[in-house]
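A short worksheet on the structure shown next.
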Amino acid sequence: MHLNHLIVSLALLSACTLARPVTRVSTTSKATSNISRRDESGVGRLTYYGVDGDPSPQESLGSCGIPLNQVSGNFAAMNQDQMQDSFCGTCVEISLNGLSTIVQIVDTCPGCPLGALDININSFGDLVGGVGQARQLGVVDGASWQMVDCNGGSGGGNNGSNGKGSSNGGNGGIAHDLHPSPLPCSHLPGARSLVPLQLPL
């Protein structure tokens, strides 16, 4: 009798438990989350890396896992304070004194202050009047940047044109849907296709 009562009690308890609403736990990884509004743009210092004996990114993987020796277009490392996994593979338009260029985020710059980007020397040169001038300066302050669509599309009707033009021949479009894009900045001059970034879900 006690056994039957125990079985009935367990059955009722199971039925009640099964009848409760199921709360889904998100399995979305950090790498596929939306970019937060506060980090879609910034103002800060620019430096360059990857030349003059600087080993990064010559023969290594950046923090994004993209083989940097396969990146032939313009690339950048974002400051550690603002870097998110979701930024890997996205593009940023950098503006300085009326000039602009677009770079792809492939790495993190742990020593860079908030708002700063560490970019390849050709991109730096686009903003300061050439690679020679970039080597002389090494560091500039006051550059502004914003996330843009790597494909140069409008992302929803607004092409993000600021009327300033771009040293690389196009403004790119401001991405309204800023999910990470595994596509390279293939519209950049001299850029080859990158191996698509495959992020674990």
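Going by mature numbering (1 follows the signal peptide of the UniProt record, and there is no 0), the letters in the sequence shown line up with residues -19 to -1, 1 to 182, in that order.
Ideal Cβ positions, reconstructed from N, Cα and C, are used throughout, including at glycine.
These figures come from a predicted structure and were not determined experimentally.
Closest to C93 by CA distance: which of E21, L27, N55 is it? On the sequence shown, position 112 is the one that residue 93 refers to. Answer by Cα proximity: L27.
In whole angstroms, give me the CA-to-CA distance for Y30 and V87. As a working note, residue 30 is residue 49 in the sequence shown. As a working note, residue 87 is residue 106 in the sequence shown. Taking the straight line from one Cα to the other gives about 12 Å.
Beta-carbon spacing of S44, C69 below 9 Å: One-based indexing of the sequence shown puts residue 44 at position 63. One-based indexing of the sequence shown puts residue 69 at position 88. Taking 9 Å as the Cβ cut-off, S44 and C69 qualify as a contacting pair.
Collapsed DSSP secondary structure at S104 in the structure displayed: The count along the sequence shown starts at 1 and reaches residue 104 at position 123. In this structure, S104 counts as helix in the three-state DSSP scheme.
Less than 9 Å between the beta carbons of A124 and G54, yes or no? Along the sequence shown, one-based indexing puts residue 124 at 143. Along the sequence shown, one-based indexing puts residue 54 at 73. Cβ distance not < 9 Å, so A124 and G54 don't count as in contact.
A97 by DSSP, collapsed to three states: which one? Start at 1 with the first residue of the sequence shown, and residue 97 comes out as number 116. Reduced to three states, the DSSP call for A97 is coil.
Taking all protein chains shown into account, do 16 or more other C-beta atoms lie within 10 angstroms of the C-beta of V84, making it buried, or fewer, making it exposed? Here residue 84 corresponds to residue number 103 of the sequence shown, with the count starting at 1. Classification of V84: buried, given that the 10 Å Cβ count is 16 or more.
Measuring CB to CB, does C90 end up less than 9 Å from A58? Start at 1 with the first residue of the sequence shown, and residue 90 comes out as number 109. Start at 1 with the first residue of the sequence shown, and residue 58 comes out as number 77. Their beta carbons are under 9 Å apart, which means C90 touches A58 by this criterion.
Which two residues bound the contiguous beta strand (DSSP E) that contains V87? On the sequence shown, residue 87 is found 106 positions in, with the first residue counted as 1. Start and end: 80 to 90.
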